[in-house]
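Chains A and B, in that order, are what the protein sequence lines are.
The first sequence: position 160 = 143 (my numbering), numbered continuously.
Offset between the second sequence (1-based) and my numbering: plus 236.
In this text, a Cβ means the ideal position worked out from N, Cα and C, and glycines have one as well.
Predicted, not measured: the structure shown is a model, and the values here were computed from it.
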Amino acid sequence: MKKIAITATDLTKIYGDRAALSHGSFEVPAGAVCGFVGPNGSGKTTTIRMLLGLISPSSGSATVLGESIAHPERYLPKIGAMIEGPAFYPALSGRENLKVLAELGGFPLSRVDELLAKVDLADRGGSKFKTYSLGMKQRLGIAAALLPNPELLILDEPTNGLDPQGIQEIRNIIRDLADSGTTVFVSSHILSELEMISEYLVMLREGKVIFSGRTQELLTSNKPVVIARPEYEVDLAKLTKKIDEVGYSTKVIEGTVHISAPAEASAEINRLAFDLGITLSSISVAQPTLEETFFEMTGDIK
Amino acid sequence: MIRVVIAELRKLRRPSLLLGTIATVGGLSALFTSIVFLMINSESGNSSRGESVSASELSQAAGLVYGFNLVGMFLGIVALCIFASQTAQEYTLGTLRNLLVRQPSRMKILAGKFIAMKLFALVMVIFAAALSIAISFLLSGRAQVDTSKWQSPEAGQLLLESVLNIFIATLCFGTLGMILGLLLRSPISAIAVGVLWNLILENILSALINSTGKWLPGTNFSNIGMGGSSVISYRHSLAVSAGYLLVGSAVAAILFKRRDVAN
Chain A
-16 MKKIAITATD LTKIYGDRAA LSHGSFEVPA GAVCGFVGPN GSGKTTTIRM LLGLISPSSG
44 SATVLGESIA HPERYLPKIG AMIEGPAFYP ALSGRENLKV LAELGGFPLS RVDELLAKVD
104 LADRGGSKFK TYSLGMKQRL GIAAALLPNP ELLILDEPTN GLDPQGIQEI RNIIRDLADS
164 GTTVFVSSHI LSELEMISEY LVMLREGKVI FSGRTQELLT SNKPVVIARP EYEVDLAKLT
224 KKIDEVGYST KVIEGTVHIS APAEASAEIN RLAFDLGITL SSISVAQPTL EETFFEMTGD
284 IK
Chain B
237 MIRVVIAELR KLRRPSLLLG TIATVGGLSA LFTSIVFLMI NSESGNSSRG ESVSASELSQ
297 AAGLVYGFNL VGMFLGIVAL CIFASQTAQE YTLGTLRNLL VRQPSRMKIL AGKFIAMKLF
357 ALVMVIFAAA LSIAISFLLS GRAQVDTSKW QSPEAGQLLL ESVLNIFIAT LCFGTLGMIL
417 GLLLRSPISA IAVGVLWNLI LENILSALIN STGKWLPGTN FSNIGMGGSS VISYRHSLAV
477 SAGYLLVGSA VAAILFKRRD VAN
């Protein structure tokens, strides 16, 4: 039987007359990287806070590592979390900040220097937190989340404010953890970022779960796109009209025609262009990205 | 719980807070004690509210702690500010969520914080007492105050009583600061409300309606520090203070336990 790290059933949080999360139901399998995606304000942080026992749900239920979220003390010692950006004491050094949390959680203080080295902060561990750059603060937040050697790591927007190299480092840390059996539940509003690392996805939109399952399953459920580029841009309108007549839906993007059609339709499209006397300089098949799939599912236009 | 206390003590011993407190408490202690001895024959007085204390009065056993007793009320205000900021900053910095992930029992967090701040306040009071007594001995010769009775068992007893009373009063002010910090969740608001109430509003209320003084929290906290007075008894102040703090603590603790941590 598949082991489950997180389950949510009809989880709801209402603030006044607005539902931050409405009847959210999803599962996160153990030992996988699960992306938690959705635009800003879609309810990701609210959900994470409920899972960590910081806010109480208005209705519904959830379990984390097999324990109800009504008893966070039963599972939090096995969890590492960074919620909504790193929050530390500005006048304490990075090392002292980690020691405060290590003492609080009963973890050996020797973990602190190990983790500072792991997130590449060994040489700045003695500097005050307020002197850190945004990227350094973010890395310290990840070090703090790793203090318990967690079974489940929950990261809320961990790459916010990081440069490309920093983003790559965080991705590597997440992959290493997943390889060692840690379940990683990571939220982001940047869909392309999660597409690269997540085997599973939970997608939120306006407080509602719109997808929960394997990333691959989601991506393959969407039709691929055949991209045709005529040699001369003046032929775009003529080619688009002809393909529309055959029954495929088209979109013109930067000198190319994007056709929602199976890969096998490439030959037919090539033939249509030939019949019209149009030479195609390229024709290729692409799977839609997570971002395109998200907009397709929500009906939003990017 | 002990883990929470140790973690809190690590935060409390950060240089900016520790050195700032030493400077403030040391400065106040030195200032008030020095005034008593250096202005002993001054026409503008050498004690609180322009009163004068003579060398013969200071030569009594109680003279040992005279300067320290004057500092007492201000130690309370310092404690109020520290307790309020240490509690409320967890909300403004967003660090409360980290604490609660590592220690989910909110009551343990609260109790651990309170114990750590109690220890901090105790060290602060002992430091103020030690400095005040050292300065008293140092300046006694210049003020022609005989210190022979200061080394008697009676003086020792009075010193212990003063330290205990001022420590209790300091804790009362500190607890009020912590309650305000939990209720208002902002260090600036908590400190502003606490200081304004105790230093200004209570004095205005007492001046306008004389009978209210007996029932106001700050007046009673200060009265404990002074060991009671002819107007308000020590026991009365203890009972009134306990009443205020128990109700305030219960409300703050319930709110802390039940409120969502959304920042």
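Neighbour-count burial assignment, residue i, 16 or more Cβ in a 10 Å radius
i, result
"lysine 493 of chain B", "exposed"
"tyrosine 215 of chain A", "exposed"
"arginine 94 of chain A", "buried"
"lysine 285 of chain A", "No answer about lysine 285 of chain A holds up, because its pLDDT of 46 lies below 50 and its placement is not dependable."
"valine 399 of chain B", "buried"
"glycine 522 of chain B", "Any property of residue 522 of chain B remains undetermined from this structure, which presents chain B solely from 237 to 499."
"arginine 378 of chain B", "exposed"
"alanine 70 of chain A", "buried"
"proline 251 of chain B", "exposed"
"methionine 237 of chain B", "exposed"
"tyrosine -2 of chain A", "exposed"
"leucine 92 of chain A", "exposed"
"proline 257 of chain A", "For the record, residue 257 of chain A in the displayed sequence is phenylalanine; it is not proline. Classification for phenylalanine 257 of chain A: exposed."
"glycine 461 of chain B", "buried"
"lysine 247 of chain B", "buried"
"isoleucine 371 of chain B", "buried"
Nearest-angstrom Cα separation, counted from residue j out to residue i
i, j, result
"isoleucine 62 of chain A", "phenylalanine 277 of chain A", "29 angstroms"
"alanine 220 of chain A", "glycine 260 of chain A", "13 angstroms"
"leucine 375 of chain B", "valine 483 of chain B", "44 angstroms"
"methionine 286 of chain A", "tyrosine 470 of chain B", "Examination of residue 286 of chain A is not possible in this model, given that chain A is present from -16 through 285 alone."
"valine 268 of chain A", "glutamate 50 of chain A", "45 angstroms"
"leucine 87 of chain A", "arginine 249 of chain B", "16 angstroms"
"glycine 26 of chain A", "leucine 396 of chain B", "57 angstroms"
"leucine 255 of chain A", "proline 271 of chain A", "23 angstroms"
"leucine -6 of chain A", "glycine 230 of chain A", "42 angstroms"
"valine 167 of chain A", "proline 141 of chain A", "12 angstroms"
"asparagine 80 of chain A", "threonine 257 of chain B", "21 angstroms"
"threonine 165 of chain A", "alanine 13 of chain A", "8 angstroms"
"serine 295 of chain B", "phenylalanine 373 of chain B", "11 angstroms"
"alanine 127 of chain A", "alanine 85 of chain A", "8 angstroms"
"leucine 48 of chain A", "proline 340 of chain B", "16 angstroms"
"glycine 36 of chain A", "histidine 54 of chain A", "8 angstroms"
"asparagine 253 of chain A", "arginine 154 of chain A", "40 angstroms"
"leucine 104 of chain A", "tyrosine 327 of chain B", "26 angstroms"
"glutamine 393 of chain B", "asparagine 446 of chain B", "34 angstroms"
"tryptophan 386 of chain B", "serine 290 of chain B", "16 angstroms"
"proline 207 of chain A", "leucine 4 of chain A", "32 angstroms"
"serine 249 of chain A", "asparagine 499 of chain B", "52 angstroms"
"glutamine 199 of chain A", "leucine 187 of chain A", "17 angstroms"
"serine 195 of chain A", "glycine 330 of chain B", "30 angstroms"
"serine 8 of chain A", "lysine 450 of chain B", "58 angstroms"
"arginine 212 of chain A", "proline 131 of chain A", "53 angstroms"
"isoleucine -13 of chain A", "leucine 138 of chain A", "18 angstroms"
"alanine 443 of chain B", "isoleucine 436 of chain B", "11 angstroms"
"alanine 352 of chain B", "threonine 260 of chain B", "20 angstroms"
Beta-carbon proximity list for residue i, same chain, < 8 angstroms, skipping 5 on both sides
i, result
"glycine 118 of chain A", "Gly144, Leu145, Asp146 and Gly149"
"arginine 342 of chain B", "Leu336, Phe492 and Lys493"
"lysine 113 of chain A", "Pro73 and Ala74"
"serine 284 of chain B", "Leu306"
6 angstroms Cβ shell around residue i - same chain, five flanking residues per side excluded
i, result
"arginine 333 of chain B", "Val497"
"alanine 2 of chain A", "Gly190"
"valine 476 of chain B", "Asn456"
"glutamate 56 of chain A", "none"
Neighbourhood of residue i by C-beta distance below 7 angstroms, restricted to the same chain and skipping five residues each side
i, result
"serine 388 of chain B", "Ala297"
"isoleucine 157 of chain A", "Val16, Val167, Val169 and Ile180"
"serine 243 of chain A", "Lys206, Val208, Tyr231 and Ser232"
"methionine 373 of chain A", "Any property of residue 373 of chain A remains undetermined from this structure, which presents chain A solely from -16 to 285."
Residue i vs residue j beta-carbon contact at 8 angstroms
i, j, result
"leucine 300 of chain B", "isoleucine 362 of chain B", "no"
"glycine 21 of chain A", "histidine 172 of chain A", "yes"
"valine 429 of chain B", "leucine 420 of chain B", "yes"
"alanine 315 of chain B", "phenylalanine 409 of chain B", "yes"
"alanine 426 of chain B", "alanine 347 of chain B", "no"
"glycine 43 of chain A", "threonine -8 of chain A", "yes"
"threonine 406 of chain B", "glycine 312 of chain B", "yes"
"glycine 68 of chain A", "arginine 107 of chain A", "no"
"valine 487 of chain B", "lysine 349 of chain B", "no"
**Message:** To test your reading of the DSSP string, which unbroken beta strand (DSSP E) runs of 3 or more residues are found completely within the stretch 352 to 384 of chain B?
**Reply:** Runs of the beta strand (DSSP E) lying entirely within the stretch 352 to 384 of chain B, each at least 3 residues long, are absent.
**Message:** Please give me, in chain order, every unbroken run of the beta strand (DSSP E) with length at least 3 that falls completely inside the stretch 168 to 247 of chain A.
**Reply:** Counting only runs of 3 or more, we get 183 to 188, 191 to 197, 208 to 213, 232 to 236 and 239 to 243.
**Asked** What are the uninterrupted segments assigned as alpha helix (DSSP H) that are 4 or more residues long and contained completely in the stretch 30 to 112 of chain A, given in chain order?
**Response** If we require 4 residues or more, the alpha helix (DSSP H) runs fully inside the stretch 30 to 112 of chain A come out as 77 to 88 and 93 to 101.
**Prompt:** Which ranges does the alpha helix (DSSP H) cover as unbroken runs of at least 4 residues, wholly within the stretch 114 to 148 of chain A, from first to last along the chain?
**Reply:** If we require 4 residues or more, the alpha helix (DSSP H) runs fully inside the stretch 114 to 148 of chain A come out as 117 to 129.
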